[in-house]
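Undergrad: Have a look at this one before I ask anything.
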Amino acid sequence: MKKDVIIACDFSSAEECYKFLDKFKEVEPKPFLKIGMELFYAAGPEIVRELKKRGFKIFLDLKLHDIPNTVKKAMKVLSNLDVDMVNVHAAGTIEMMMAAKEGLTRPDGSAPLLIAVTQLTSTSEEAMKSQLLIDNPIDETIAHYATNAMKAGLDGVVCSPLEVAKVKQACGPQFLTVTPGIRFKDSAVDDQKRITDPAMARVLGSDFIVVGRPITAASDPLEAYNKCVSDFLAPEEFNYNPSNFI
Ligand code: C5P
């Protein structure tokens, strides 16, 4: 699947989401959307079916983490929903990730992309040490979890753009990196800590950027989305000037 901008549809109802998406009626190809726990728990699988019917690609961000058998069975259900990308927590172990992959794989051998969450960007190195008793530096832990995900046959990981190089070095250039923590130079940082703008994410080698509030809370969401697309998917001859980036 080629590089793309994924809009995080963090809404608390289907109506709110559909109203937002009305602004994207004319956009072709249809944007890639992320449905997270909030919207999925509020609107259920029906919203996934409806958005697929309308032609959107869907990243279902439910971050599964349970015993392997439960994850395998849950993944089989999500695979039948015909989503394009799903994820699990790498902390569930290689065995759990392999079970997820098995559950996702359809009888014809096709499967949605399966991505592992390494360490949440909200987890600090200090909390990892004091609460989880993980003493290694956070970037080493992320690269190690990424290697586990690759061994289990997954397609990539969620990480910050700043960790893309380390992940690609450990797992190879084809291993996908899906990167939230995206902000424009002039937009609010909110609760994100390690941020880059869309152009910098492209320079750092991200495969997919996940953008929520800079698009959903913008005065003109379509304009903000178009800016993400043109900055992130700019042609190779784009004139790189470090002073343009966060
Ligand atoms: O609004 P914002 O651009 O910060 O949204 C980022 C999205 O990416 C949210 O849906 C958030 O849950 C998700 N995410 C993240 N950091 C991770 C994993 C997921 O920000 N490590």
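Note that my numbering gives residue 34 to position 39 of the sequence shown, counting from 1, and the numbers run on in steps of one. Cβ coordinates follow ideal geometry from the N, Cα and C atoms, glycine included. Quantities reported herein were computed from a predicted structural model and do not represent experimental measurements.
(1) In whole angstroms, what is the alpha-carbon distance linking L34 and V66?
(2) According to the Cβ coordinates, are V83 and M91 closer than 8 Å?
(3) For L46, tell me which candidate among V224, F27 and L57 has the shortest Cα-Cα distance.
(4) On the DSSP letters alone, give me the boundaries of the alpha helix (DSSP H) that A194 sits inside.
(5) Between the segment 131 to 144 and the segment 114 to 121, are three or more C-beta pairs nearer than 8 Å?
(6) For R44, which option in L128, L199, A9 and T211 has the closest C-alpha, if you only look at C-alpha atoms?
(7) If you draw a straight line from the C-alpha of D85 to the C-alpha of P209, how long is it?
(8) Start and end of the beta strand (DSSP E) containing D56?
(9) With 16 as the cutoff for other CB atoms within 10 Å, does L127 come out buried or exposed?
(10) Closer than 7 Å: is that where the CB of D5 sits relative to any heavy atom of the ligand C5P?
(11) Does the beta-carbon of N143 have 16 or more other beta-carbons within 10 angstroms, so that it is buried, or is it exposed?
(12) Among Y13, A106 and I177, whose alpha-carbon lies nearest the alpha-carbon of A194?
(13) What does L73 pair with, by DSSP beta-bridge criteria?
TA: The answer reads as follows:
(1) Their Cα atoms are separated by approximately 20 Å.
(2) Cβ distance < 8 Å, so V83 and M91 count as in contact.
(3) Minimum Cα distance to L46 is reached at F27.
(4) Note, A194: alpha helix (DSSP H), P193 to V198.
(5) Short answer: they touch.
(6) For the options L128, L199, A9 and T211, the alpha carbon positioned closest to that of R44 is the one of A9.
(7) Sequence inspection shows Ala at residue 85; the Asp mentioned does not correspond to that position. When only Cα atoms are considered, A85 and P209 end up about 28 Å apart.
(8) Element bounds for D56: K52 to L59.
(9) L127 should be labelled exposed.
(10) Under cutoff, so the answer is yes.
(11) By the beta-carbon neighbour count (other beta carbons within 10 angstroms, threshold 16), N143 is buried.
(12) Shortest Cα-Cα distance from A194 to any of Y13, A106 and I177 involves I177.
(13) Paired residues: none, contrary to the question.
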